[in-house]
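Note sheet for the following structure.
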Amino acid sequence: MPALTRDEAQTRARLLDVHHYTVDIDLTHGADHFRSRAAVRFSARIPGDTFIDVKPTELRSATLDGRPLDPDTLDGNRLPLPGLTAGEHELLVETTMPYSHTGEGMHRFTDPADGETYVYSQLFMGDVQRVFAAFDQPDLKAVFELTVTAPTGWTVLGNGIATRQDGAANRWTLAPTPPISTYLVAVAAGPWHSVHTEHAGLPFGIHCRRSLAPYLNADAEEILDITRRCYDRYHTLFDEPYPFDSYDQAFVPEFNLGAMENPGLVTFRDDFVHRSAVTDTERQTRGMVIAHEMAHMWFGDLVTLAWWDDIWLNESFAEYMGFQVLSEATRFTHTWTDFGIARKGWGYDADQRPSTHPVA
Numbered sequence: 021m022p023a024l025t026r027d028e029a030q031t032r033a034r035l036l037d038v039h040h041y042t043v044d045i046d047l048t049h050g051a052d053h054f055r056s057r058a059a060v061r062f063s064a065r066i067p068g069d070t071f072i073d074v075k076p077t078e079l080r081s082a083t084l085d086g087r088p089l090d091p092d093t094l095d096g097n098r099l100p101l102p103g104l105t106a107g108e109h110e111l112l113v114e115t116t117m118p119y120s121h122t123g124e125g126m127h128r129f130t131d132p133a134d135g136e137t138y139v140y141s142q143l144f145m146g147d148v149q150r151v152f153a154a155f156d157q158p159d160l161k162a163v164f165e166l167t168v169t170a171p172t173g174w175t176v177l178g179n180g181i182a183t184r185q186d187g188a189a190n191r192w193t194l195a196p197t198p199p200i201s202t203y204l205v206a207v208a209a210g211p212w213h214s215v216h217t218e219h220a221g222l223p224f225g226i227h228c229r230r231s232l233a234p235y236l237n238a239d240a241e242e243i244l245d246i247t248r249r250c251y252d253r254y255h256t257l258f259d260e261p262y263p264f265d266s267y268d269q270a271f272v273p274e275f276n277l278g279a280m281e282n283p284g285l286v287t288f289r290d291d292f293v294h295r296s297a298v299t300d301t302e303r304q305t306r307g308m309v310i311a312h313e314m315a316h317m318w319f320g321d322l323v324t325l326a327w328w329d330d331i332w333l334n335e336s337f338a339e340y341m342g343f344q345v346l347s348e349a350t351r352f353t354h355t356w357t358d359f360g361i362a363r364k365g366w367g368y369d370a371d372q373r374p375s376t377h378p379v380a
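Here the sequence shown is numbered in my numbering, starting from 21 and rising by one per residue.
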């Protein structure tokens, strides 16, 4: 599928203001596919043509301002939106989407230990179109309001507080987000084992697959203590309230990265749920990742890069703050030693390669 270029993104951003997504995701359609329905409210500053990003197995229907669009006009991952007039518009796109087994889009995993199944989203960068139709670029922020229908016995997690609706269907509503970028939308669903607490009036939760429950329970107090201490320290340093309504951390299987800073629902590779005795250095590393991802809640999620060429600043700032805050707020007071041994070496290695370049 063609990747969105910066020029295309800038052209679309000059044309559009995106206001609100109402998204309905149905995870009850078998092991291979799920369905999504996205209603997008946006406005055009001037008349023009553009497109929305979506990569479905099947584009079931699309309407723009009540007028049907021809599904056959879908070109790869681009659905044309021709002849926009200046002013407000509403687009409705219904799709069937494939589950992923590569960690992109909506990843699906069945635990060989007990046969339980879990799904979670990973949308960085440019993969929201694998879950629902969206103007998939970081500078077109909007409010996201999601509803998820899941198999019986599953719990749904997301960017906002999740509430199970009354009725026979296992249907969950996620509280609307503040304006966020498309790549930060997050959903995780399955028969999670969860540990809940509250801090500073905010619900905190940590989650893992059921087969890892004894191991998460053993480390829950340490993980939550680090979370609370870092949360308090960031408030002191930034003097800006945490901008979301909850703070969940899900340790998910087959995760491609170390972690992802989805606002209100940080996802971590579940290797961080230690199955055996580990060194204090390994515990410090886990704490550093917790602190790093929390820094992104302010720098990356509340304030976000306009385009991907600034990802170096997003990550380097969170890396610095993670080491600094962990050393100031927790028992891990020698984190900068680890930085000097490990992270600094990465920089030396990169500087010696033919691909070395200025940071900006």
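Backbone N, C-alpha and C define an ideal beta-carbon position, used for all residues, glycine too.
Local conformation of residue i per DSSP, three classes
{"i": "residue 295", "result": "coil"}
{"i": "residue 114", "result": "strand"}
{"i": "residue 348", "result": "helix"}
{"i": "residue 95", "result": "strand"}
{"i": "residue 313", "result": "helix"}
{"i": "residue 215", "result": "strand"}
{"i": "residue 327", "result": "coil"}
{"i": "residue 148", "result": "helix"}
{"i": "residue 136", "result": "coil"}
{"i": "residue 120", "result": "strand"}
{"i": "residue 50", "result": "coil"}
{"i": "residue 375", "result": "coil"}
Segment limits, beta strand (DSSP E) that includes residue i
{"i": "residue 78", "result": "78-84"}
{"i": "residue 42", "result": "36-46"}
{"i": "residue 72", "result": "68-73"}
{"i": "residue 58", "result": "53-64"}
{"i": "residue 355", "result": "Taken as a continuous stretch (DSSP letters only), residue 355 belongs to no beta strand (DSSP E), being part of the alpha helix (DSSP H) at 355-358."}
{"i": "residue 367", "result": "Not the beta strand (DSSP E): residue 367 falls in the alpha helix (DSSP H), residues 364-371."}
{"i": "residue 319", "result": "Neither: residue 319 is in no beta strand (DSSP E) and is coded neither H nor E."}
{"i": "residue 227", "result": "222-228"}
{"i": "residue 208", "result": "207-210"}
Residue(s) in a DSSP beta bridge with residue i
{"i": "residue 288", "result": "271, 279"}
{"i": "residue 142", "result": "125"}
{"i": "residue 384", "result": "As shown, the chain starts at 21 and ends at 380. That puts residue 384 outside it, with no answer to give."}
{"i": "residue 192", "result": "168, 184"}
{"i": "residue 173", "result": "Answer by DSSP bridge pairing: none, since residue 173 is not bridged."}
{"i": "residue 154", "result": "73"}
{"i": "residue 101", "result": "70"}
{"i": "residue 130", "result": "137"}
{"i": "residue 163", "result": "40"}
{"i": "residue 200", "result": "162"}
{"i": "residue 108", "result": "63"}
{"i": "residue 178", "result": "207"}
Residues of its chain near residue i, where Cβ-Cβ distance is below 6 Å and the 5 sequence neighbours each way are ignored
{"i": "residue 201", "result": "158, 161, 324"}
{"i": "residue 170", "result": "47, 176, 190, 209"}
{"i": "residue 243", "result": "226"}
{"i": "residue 29", "result": "157"}
{"i": "residue 104", "result": "64, 68"}
{"i": "residue 250", "result": "311, 314, 345, 349"}
{"i": "residue 91", "result": "79"}
{"i": "residue 45", "result": "56, 168"}
{"i": "residue 130", "result": "137"}
{"i": "residue 102", "result": "69"}
{"i": "residue 181", "result": "195, 265, 266"}
{"i": "residue 153", "result": "58, 72, 74, 113"}
{"i": "residue 213", "result": "228, 230, 233"}
{"i": "residue 338", "result": "312, 315, 316"}
Close-in-space but distant-in-sequence residues of the same chain around residue i (CB under 7 Å, 5 per side omitted)
{"i": "residue 75", "result": "21, 97, 149, 150"}
{"i": "residue 356", "result": "343, 347"}
{"i": "residue 114", "result": "57, 80, 81"}
{"i": "residue 218", "result": "224"}
{"i": "residue 307", "result": "246, 346, 350, 352"}
{"i": "residue 145", "result": "203, 328"}
{"i": "residue 438", "result": "With the chain running from 21 to 380 in the structure shown, residue 438 is simply not present."}
{"i": "residue 84", "result": "101, 109, 111"}
Extent of the continuous alpha helix (DSSP H) run through residue i
{"i": "residue 253", "result": "233-258"}
Contact set for residue i: own chain, Cβ-Cβ below 8 Å, skip 5 residues either direction
{"i": "residue 199", "result": "161, 162, 163"}
{"i": "residue 239", "result": "293, 294"}
{"i": "residue 245", "result": "350"}
Interface flag, residue i vs chain D, CB-CB below 8 Å
{"i": "residue 186", "result": "Absent from the structure is chain D; it holds one protein chain and no more."}
Stretch-stretch touch, CB-based, cutoff 8 Å, three pairs: the region 165-182 with the region 60-76: Contact between the region 165-182 and the region 60-76 is absent, because fewer than three Cβ pairs lie under 8 Å.
The region 215-226 contacting the region 267-282, beta-carbon criterion three pairs below 8 Å: Here the region 215-226 lies against the region 267-282, with 3 or more beta-carbon pairs under 8 Å apart.
Cβ contact check for the region 121-130 and the region 33-42: 3 or more pairs under 8 Å: Output reads no: the region 33-42 does not touch the region 121-130.
Three or more C-beta pairs below 8 Å linking the region 127-136 and the region 223-240: Result yes; three or more Cβ-Cβ pairs closer than 8 Å.
Segment contact, 8 Å Cβ cut-off, at least three pairs: the region 346-354 with the region 322-337: Segments in contact, no.
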